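In this text, residue positions in the sequence shown follow our numbering: the first is 16, and each later residue adds one. One structure is given below, encoded as structure tokens.
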Amino acid sequence: VTIEERKGRSGYQSFVITAVRAAFGITTTVLRTTANVMSPEQQLRLLYLYDEEIIKRIAVHHVEAINFAHLLKPNEYETLLEQYHFSWNTFAVKLWERLWKAPTRILLFETVLSFLVPCDPKLHRRLSCMDLRSNLSDLNEILKNIDGILNNMDPYIVCEKISCISRHHANLMMPVKNTIEKLGESLCFCYFF
Numbered sequence: 016v017t018i019e020e021r022k023g024r025s026g027y028q029s030f031v032i033t034a035v036r037a038a039f040g041i042t043t044t045v046l047r048t049t050a051n052v053m054s055p056e057q058q059l060r061l062l063y064l065y066d067e068e069i070i071k072r073i074a075v076h077h078v079e080a081i082n083f084a085h086l087l088k089p090n091e092y093e094t095l096l097e098q099y100h101f102s103w104n105t106f107a108v109k110l111w112e113r114l115w116k117a118p119t120r121i122l123l124f125e126t127v128l129s130f131l132v133p134c135d136p137k138l139h140r141r142l143s144c145m146d147l148r149s150n151l152s153d154l155n156e157i158l159k160n161i162d163g164i165l166n167n168m169d170p171y172i173v174c175e176k177i178s179c180i181s182r183h184h185a186n187l188m189m190p191v192k193n194t195i196e197k198l199g200e201s202l203c204f205c206y207f208f
């Protein structure tokens, strides 16, 4: 937790954030790997999970979207530009639909990564570090929204909210809950003794 983050929080809130991030930090190291070890199916599955964010980046950075032209049929990209130049959001959606149906779809993951390097390095890093072969891949959605989850500072409520997603997530939350409790006990022990 940075100094700026601590300024607006109580000691308890800061402690809970540190504990949850520490517990998830242990888990996320298992997810980190290079994109090269994922199968094409896993790469497409990952793109499907992040398609809304990718479409938004295409709409905002439509000039750089020319990188996708080589995946489409000749003149297909230019046709899309002519049809939807009045609405970049519509253009991005239609381009993504065509890319998803293109026979060169296997190359889509690498092309998206190269597109994201200048546009959104954070999303690029996130996509290139995921390993969907891990049995912890169900945590992807939780990790994507961890800051929103941490807005609720009570550790039991945080664990309960994540656990209600599925029984599998409830099992995954046990180490998080245990870490919070252990850190809490050691913090109380240091505070009182």
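Just so it is clear, CB atoms sit at the ideal spot from N, CA and C, and this is done for glycine as well. In this text the structure is predicted, and so the values were computed from the model without any measurement.
8 angstroms contact criterion, which residue i and residue j should meet: CB distance rounded
i: GLU79; j: PRO133; result: 7 angstroms
i: LEU223; j: LEU86; result: Any property of residue 223 remains undetermined from this structure, which presents the chain solely from 16 to 208.
i: GLN58; j: PHE124; result: 4 angstroms
i: PRO190; j: ILE121; result: Going by Cβ atoms, the distance from PRO190 to ILE121 rounds to 37 angstroms, so no, they are not a contact pair.
Separation of residue j from residue i, as counted between CA atoms
i: ARG60; j: TRP103; result: 25 angstroms
i: PHE106; j: LEU95; result: 7 angstroms
i: HIS139; j: ASN193; result: 32 angstroms
i: THR42; j: ILE81; result: Per-residue confidence for THR42 stands at a pLDDT of 39, beneath the threshold of 50, marking its modelled position as unreliable; the derived number appears in the next sentence. Roughly 37 angstroms separates the two Cα atoms.
i: CYS144; j: LEU128; result: 11 angstroms
i: ASN90; j: GLU67; result: 25 angstroms
i: ALA117; j: THR126; result: 13 angstroms
Pair within 8 angstroms by beta-carbon distance, residue i and residue j
i: LEU142; j: TYR65; result: yes
Between the region 61-76 and the region 103-113, do at least 3 Cβ pairs fall closer than 8 angstroms?
-> yes
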